[in-house]
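Chains as they are written, first to last, in the numbering used here: chain A, 1 to 117; chain B, 118 to 1024.
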Amino acid sequence: MQSMRTAMRERELKKGSAELLILSLVQHQPRHGYEICKLIDVRSKGELHFNVASLYPLLYRLEDRGWIQGRWVEKAGQRRRRFYRLTAEGRKVLPLQQRGWLAFVEAVSRITGAEHA
Amino acid sequence: MPDWKPEIKAHLAALNLDALREAEIVEELSQHLDDRFEEWISSGNSEEEARCLTLREINGTELLATTLKKIGGRRRSRSYVPAISNGSFMQNFFQDFRYGLRALARNPSFTAVAILTLALGIGANTAIFSVVNGVLLKPLPYRDPGQIVTILHNGTGPVNPADFLDWRAQNTSFERMAAAEFWGGTLTDSDRPEAVDGIRFGEGLFELLGVQPFLGRTFQADDYQPGHERVLVLSHSLWRRRFGANPSVIGQAVTLDTQTYNIIGVMPRDFRFTPFWATKSEMCAPLSLVDRANNRGGNSLRIFGRLKTGVTRTQAQTDMDGICKRLEQAYPDSNTGYVVRVDRLIDKTVGNVRLALMILLGAVVFVLLIACVNVANLLLVRAASREKEMAIRAALGAGRWRAVRQLLTESLLLACLASGVGLVFGFLGVHALKTFLAGSSSGFAVQLTRVHEIALDGPTLLFTLAITLLTGVIFGLVPAVRAARPDLQETLKESGRGSSAGRRSGNFRSVLIITEVALALIMLVAAGLLMRSFVRLAAIDPGFKPNNVLTMIVSLSGQQDFVGPKREAFYEQVLQKIEALPGVEAASAINHLPLAGDLWDRGISIQGRPLPPPGEGIGAVYRVSRPKYFSTMGIPLLSGRDFNNQDRSESPGVVIINEELAKREFPHENPVGKRITLDDPRKNPTWLTIAGVVKNSKQASWSGMVDNEMYLPWLQSRDFVDGIPRHFAGMTLVIRTAITPRTIIPSVQNVIWSLNKNAPLSSITTLEEVVSNAVWQQRFNLILIGLFAALALILASVGIYGVMAFTVAQRTQELGIRLALGAQRIDLIRLVVGQGMRLTLIGVVVGLAGAFAVTRLMATLLYQVKTHDAATFFGVALLLAGVAFLACWLPARRASQVDPIEALRCE
């Protein structure tokens, strides 16, 4: 029961924030899927975790909306990889998402904080 | 490393993605799993454990398939594989179109270069076609204009009233025949008197042209009766300018040369008559020939005819030849050797510029072809880097035709974008051409006829559309067919460098270079010939010094109080006061300025010589001048003296002749002191003593031969001293200045108007402008062909450079190996330059042969230069070879700087 609730919570949280996470991670430099996955893992200290089944549909959806763009890049001596970068449109969307998320977090913490005060 | 692909494919199977998309997803996800697998291994798991842990990423949840499904449907349309048919024709077209746009946007520098190159070609074609269309192709603004002909003496000369009336009575070929006569006068109703050109319309001329007036009516039978009130039909432009486009002008009386005329009509805006002569006419009045019906001497009429239905021009010519024969027998004195020519009005109007315009059109087509060749080459280069893409498509089952279509859509898209930019160039070009062709404001020279018809209109836009589609196909087809048929085995076998492009497209690229060089060479030869011709023209000595001379026509026409002594005093004072102006060195006047004014011819007889047989008399150009005309113009006096103020009507008549007349008629004697007459020597003539001989000066045309010429003193020419009609009452002032001639215009105007406020001034210009107008067509040809040839040279050299640079880039590895094996850098340069120059030389040979054939058409455009002028051919070939050498040498130098190690590592 406990684990199911945790899974649900995680999914809800992810759903609200996943897009923002990905957009933020490719904001300054193009990254490939595995790199994005690892960064989320490391920077959240293991609290958030994506796998193939959750990450890639999200990437394709963002690409489909035109917020990010994937491109195959070949490097000497390596297999080609698909790197995602923020598009001009994505660059416009990102601050809106960030503000929205902050507003949400603030609202939640005001409510929960008030209960505890 | 385990193979994850079957596992991933199993998850995607239900999505039914298209093949290429699925392949991409599988590749991307299996990489991710590889990375994850390695991570598990490095954290100490066994291979089997790592495999299981990794597979948990995609197993145990259907999230991947379900989430992908949501966007899968939408993705399908976006992940369209170009060149795989999967819909209706239109669907495919829009897909191709969208894909094409994206493909162009992906490569902005390629797209920009291609669009700019094509736009230059398309713009040049649009501009020149608008001229060709306006001048040559648009029908003249009359009813059924193809049936209208001109009937003129020798095809150019005016006709006398008696001959015309005989022709009209005797012919069987014409539905109608009518005469027109040049005329004009000074409108003096407002503060500013204005000299206006006009044409007297003979009976039936309006009906012959078949045009209706815009306002009011044209002439009726009784308007032609002598004694009937004077009536006037205005042109649209005069009506707007002088009468403020006021519709109530009909019935209004105006004063023209002190006589009252009633305005009865205004012609439509696009009506202009005639289109080839007296083109600045802005009004017409009826022409009555009643009192001149037996005059076979005064040739002043231009005759127009409308052919009967079914009668050809040749038949009409035969008819007219027969009539002329009969008249010759009836009137041998006046009509011996008299020949008339029947010409179509359109030929008469544009005959002299047709060839030049067609050659210009040919030149811009060449420019466009070179642009196409360049873009085709760019596409080939691009296709080489897309060969793998095409091979994969073919492997996935794309039909060849489908792939060709995709690539052609891209080419057409490129052509359309270029034509958008080209239209902007075209618009600017048309504007510049019209400004140039309308000429200076001098009003002297009739520049290109029908300039007002030139516009970027419907037919021109259609033409642009047509050449756009055509160029899209021309430059796109070969690269498309080549790229769409990749040799699968070879392409997939070859390394990524795509050297397979080498042989196949290499041959094609060689053909492109040869074509480009050949086309550019033909253009350059044409431009070179025109330039040499123009240099010869510029070196012609007109016989006078054109620098620093202001000229203008001052007219006293219709001013009955300004005749005789009063007119004499007027000119005397005008010239004196002008000479007193600061900056003026000398001033004089002549009836007709050389090169700009009219040309009158009079027969002369020399005292003591037998009468020549009919038709073989001596003729000479007749001019009337004031004293100091020769010194003001800078025409050297070879012997004798100039006119002076003692050459008056009461003193013995004198004449000054030109060198040509002196040489022809007095080859071994001094003509000064000899006597000639303009009258019939049998009928108590007035003898004129030759007072001087002056150097020849140009007469009607800049490059034409100079004919006999004589000058009579104004004071002894009664017609000029007393004449009321405009052709006698007007004189052209010539004023030599020490300063820029145009700066004295206001003070000259003040001088004239202070003495006679009703004297209109017209054709104010400088002698230099007159000279430059005289060669406007040659200059026009030279400037445009020269411009297009320069464009061709630039495009061709850029093209050669592009091909050579690409070839060098492709051969980097080979060149590296050569260096590694001990070749010297100079050898590499020789290798690359040699390859380019070999193709260039083939192109030069082909081009020389082409130029040899093409320049023959230009014979009539050239002056004292042969169409096969060896120096031009050789010089141009050398120039082109030099430029091509540079275009090859730059990439070659880069090739020689290849680092062999780096080059080999590229593999």
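Don't be surprised by glycine CBs; every beta carbon is placed ideally from N, CA and C. As the structure is a prediction and not an experimental result, all values here were calculated from the model.
*Report yes if the CB atom of residue 813 (chain B) is closer than 8 Å to the CB atom of residue 736 (chain B), and no otherwise.*
Reading the second sequence from its first residue, position 696 is the one you call residue 813 (chain B). Reading the second sequence from its first residue, position 619 is the one you call residue 736 (chain B). Contact flag unset, no.
*Please classify residue 96 (chain A): does DSSP put it in a helix, a strand, or coil?*
The residue labelled residue 96 (chain A) in the question sits at position 96 within the first sequence. It is helical.
*Could you tell me the distance, in whole angstroms, from the CA atom of residue 652 (chain B) to the CA atom of residue 891 (chain B)?*
Position 535 of the second sequence, counted from the start, is the residue given in the question as residue 652 (chain B). Position 774 of the second sequence, counted from the start, is the residue given in the question as residue 891 (chain B). Rounded to whole angstroms, the gap between the alpha carbons of residue 652 (chain B) and residue 891 (chain B) is 15 Å.
_Cβ pair count under 8 Å reaching 3, the stretch 639-653 of chain B against the stretch 970-990 of chain B_ = Yes, they touch.
*For residue 83 (chain A), name the three-state secondary structure that DSSP assigns.*
Sequence index remark: in the first sequence, residue 83 (chain A) carries index 83 (1-based). Under the three-state reduction of DSSP output, residue 83 (chain A) falls in the strand class.
*Interface flag, residue 56 (chain A) vs chain B, CB-CB below 8 Å*: As a working note, residue 56 (chain A) is residue 56 in the first sequence. Judged by the 8 Å Cβ criterion, residue 56 (chain A) is in contact with chain B.
*asked:* Going by beta-carbon coordinates alone, are residue 975 (chain B) and residue 638 (chain B) separated by less than 8 Å?
replied: Counting from one through the second sequence, the residue named residue 975 (chain B) turns up at place 858. Counting from one through the second sequence, the residue named residue 638 (chain B) turns up at place 521. Not a contact, by the Cβ cut-off of 8 Å.
_Simplified DSSP assignment, three categories, for residue 60 (chain A)_ = Here the question's residue 60 (chain A) lines up with position 60 in the first sequence. DSSP places residue 60 (chain A) in helix when its eight states are reduced to three.
*Under 7 Å between beta-carbons, which chain B residues line up against residue 110 (chain A)? List them in chain order, please.*
Counting from one through the first sequence, the residue named residue 110 (chain A) turns up at place 110. Residues of chain B passing the Cβ test: none, with the nearest at roughly 33 Å.
*Kindly indicate the opening and closing residues of the alpha helix (DSSP H) around residue 984 (chain B).*
Taking the second sequence and counting its residues from 1, one reaches residue 984 (chain B) at position 867. Neither: residue 984 (chain B) is in no alpha helix (DSSP H) and is coded neither H nor E.
*With contact counted as at least three CB pairs below 8 Å, one residue from each stretch, are the stretch 827-840 of chain B and the stretch 654-671 of chain B in contact?*
Too few Cβ pairs lie closer than 8 Å, so no.
*Around the Cβ of residue 977 (chain B), are there at least 16 other Cβ atoms within 10 angstroms (buried) or fewer (exposed)?*
Position 860 of the second sequence holds residue 977 (chain B). Residue 977 (chain B) should be labelled exposed.
*Output the residue ranges of the alpha helix (DSSP H) runs that lie fully inside the stretch 829-894 of chain B and measure 4 residues or longer, sorted by chain position.*
835-839, 843-846, 862-872, 884-891, all fully within the stretch 829-894 of chain B.
*Taking residue 33 (chain A) as the query, report the chain B residues whose CB atoms sit under 7 Å from its CB, ordered along the chain.*
Position 33 of the first sequence, counted from the first residue, corresponds to residue 33 (chain A). Per Cβ cutoff of 7 Å: 145, 149.
*Quick one: does residue 52 (chain A) have its CB under 8 Å from some CB of chain B?*
Mapped onto the first sequence, residue 52 (chain A) falls at position 52. For residue 52 (chain A), the answer is yes, since a Cβ of chain B falls inside 8 Å of its Cβ.
_Nearest-angstrom beta carbon gap, residue 700 (chain B) and residue 856 (chain B) [assumed within contact, 8 Å]_ = Residue numbering aside, residue 856 (chain B) sits at position 739 when the second sequence is read from its first letter. Residue numbering aside, residue 700 (chain B) sits at position 583 when the second sequence is read from its first letter. Contact holds; Cβ gap of about 4 Å.
*Identify the residues that DSSP records as bridge partners of residue 300 (chain B): which are they?*
Sequence index remark: in the second sequence, residue 300 (chain B) carries index 183 (1-based). Partner residues in the beta bridge of residue 300 (chain B), as assigned by DSSP, are B:315.
_Cβ-Cβ separation, residue 235 (chain B) to residue 634 (chain B) (assumed contact under 8 Å), whole Å_ = Against the second sequence, residue 634 (chain B) aligns to sequence position 517. Against the second sequence, residue 235 (chain B) aligns to sequence position 118. Rounded to the nearest angstrom, the Cβ distance from residue 634 (chain B) to residue 235 (chain B) is 20 Å, too far for a contact under 8 Å.
*asked:* I'd like to know if the stretch 431-442 of chain B and the stretch 852-868 of chain B are in contact, where contact means that at least 3 CB-CB pairs between them fall below 8 Å.
replied: Result no; under three Cβ-Cβ pairs closer than 8 Å.
_Assumed close pair residue 379 (chain B), residue 347 (chain B) - CB separation to whole angstroms, cut-off 8 Å_ = Here the question's residue 379 (chain B) lines up with position 262 in the second sequence. Here the question's residue 347 (chain B) lines up with position 230 in the second sequence. About 7 Å separates the two Cβ atoms, so the contact holds.
*Partner residues on chain B for residue 81 (chain A), Cβ-Cβ distance less than 7 Å*: As a first step, residue 81 (chain A) must be located in the first sequence, where it is residue number 81. The contacting residues are 148.
_Please classify residue 995 (chain B) as buried or exposed, where buried requires at least 16 neighbouring CB atoms within 10 angstroms._
Walking along the second sequence from the start, residue 995 (chain B) turns up at place 878. Residue environment for residue 995 (chain B): exposed (fewer than 16 other C-beta atoms within 10 angstroms of its C-beta).
_Which listed residue (B:946, B:712, B:800) has its alpha carbon closest to that of residue 1015 (chain B)_ = As a position in the second sequence, residue 1015 (chain B) is number 898, starting the count at 1. When each option's Cα is compared against that of residue 1015 (chain B), the closest is B:946.
_What are the residues in the stretch 162-175 of chain B lying within 8 Å of chain A by C-beta distance?_
Result list: 173, 174, 175.
*Note down, in chain order, every chain A residue with its Cβ under 8 Å from the Cβ of residue 135 (chain B).*
By 1-based counting over the second sequence, the position of residue 135 (chain B) is 18. Per Cβ cutoff of 8 Å: no residues; residue 135 (chain B) is ~14 Å from chain A at best.
*With a threshold of 16 other CB atoms inside 10 Å of the CB of residue 1001 (chain B), please say whether the residue is buried or exposed.*
Counting from 1 along the second sequence, the entry for residue 1001 (chain B) is found at position 884. Within 10 angstroms of the beta-carbon of residue 1001 (chain B) lie 16 or more other beta-carbons, which makes it buried.
*Counting only runs that start and end within the stretch 666-752 of chain B, where is the alpha helix (DSSP H) found for 4 or more residues in a row?*
682-697, 746-750, all fully within the stretch 666-752 of chain B.
*Mind listing the chain A neighbours of residue 152 (chain B)? Cutoff is C-beta to C-beta under 7 Å, in chain order.*
As a working mapping, residue 152 (chain B) is identified with position 35 in the second sequence. Result: 34.
*Let me know if residue 286 (chain B) comes out buried or exposed under the rule of 16 or more other beta-carbons within 10 Å of its beta-carbon.*
As a working note, residue 286 (chain B) is residue 169 in the second sequence. Residue 286 (chain B) counts as exposed, since fewer than 16 other C-beta atoms from the protein chains shown sit within 10 angstroms of its C-beta.
*Three or more beta-carbon pairs under 8 Å between the stretch 372-390 of chain B and the stretch 245-254 of chain B, yes or no?*
Contact check between the stretch 372-390 of chain B and the stretch 245-254 of chain B: fewer than three CB pairs, one atom from each, fall below 8 Å, which does not count as touching.
*From what residue to what residue does the beta strand (DSSP E) around residue 792 (chain B) run?*
Within the second sequence, the letter at position 675 stands for residue 792 (chain B). Unbroken beta strand (DSSP E) run through residue 792 (chain B): 792-794.
*Would you call residue 195 (chain B) buried or exposed, if buried means 16 or more other Cβ atoms sit within 10 Å of its Cβ?*
As a first step, residue 195 (chain B) must be located in the second sequence, where it is residue number 78. Low per-residue confidence applies at residue 195 (chain B): pLDDT is 41, beneath 50, and the placement is therefore not dependable, though the value from the model is reported in the following sentence. Burial call: exposed.
*How would you call residue 715 (chain B), buried or exposed, if buried means at least 16 neighbouring beta carbons within 10 angstroms?*
As a position in the second sequence, residue 715 (chain B) is number 598, starting the count at 1. Looking at its Cβ environment, which holds fewer than 16 other Cβ atoms inside 10 Å, residue 715 (chain B) is exposed.
*asked:* With H, G and I counted as helix, E and B as strand and the rest as coil, what does DSSP make of residue 376 (chain B)?
replied: In the second sequence, residue 376 (chain B) corresponds to position 259, counting from 1. Residue 376 (chain B) falls in the strand class under three-state DSSP.
*Sequence-distant residues of the same chain with beta carbon closer than 8 Å to residue 479 (chain B), five excluded per side*: As a first step, residue 479 (chain B) must be located in the second sequence, where it is residue number 362. So the list reads 971, once near-sequence residues are dropped.
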